[in-house]
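Beneath this line is the structure, given in structure tokens, with notes to follow.
Residue numbers (the UniProt record's numbering): 1 to 136.
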């Protein structure tokens, strides 16, 4: 039979920030397994907000989840917590029970918030692509 594998290919990014925000480079998983991507940054303690996005082939980018150290609740919007999980402590996103339709470009982003200035910085992003490849 055929097995499905999930592979992240590194070095797709939105901003010139590869040194600041980094994601999981390459990860292989079979269909039905869970896949966890890590996101780390060196922008400093004030950057305590994290976003995860996905972009399906030929479609616009969608925000999967927003997390902040100021809240234990993660904002998944319309996305299901049965499909996705995130951790603000480790900066990870988990895609559960992988299926072929999970093939997309996944981006993490970090931003800071200044209550005094009432201003949020533009998210600094890093992205990795994960095409599902069929193996004989």
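Built from N, CA and C at the ideal position, the CB exists for glycine as well.
Element boundaries [beta strand (DSSP E), containing residue i]
i	result
residue 52	49-55
Length of the line joining the Cα atoms of residue i and residue j
i	j	result
residue 105	residue 84	15 angstroms
residue 103	residue 80	17 angstroms
residue 75	residue 67	7 angstroms
residue 63	residue 51	7 angstroms
residue 72	residue 86	11 angstroms
residue 108	residue 35	15 angstroms
residue 92	residue 40	9 angstroms
residue 97	residue 32	4 angstroms
residue 65	residue 99	19 angstroms
When the options are compared against residue i, the one with the closest alpha-carbon
i	options	result
residue 37	111, 90, 99 and 101	90
residue 58	109, 101, 112 and 51	101
residue 77	98, 53 and 94	53
residue 28	70, 88, 95 and 108	95
residue 69	63, 51, 88 and 109	88
residue 112	55, 49 and 32	49
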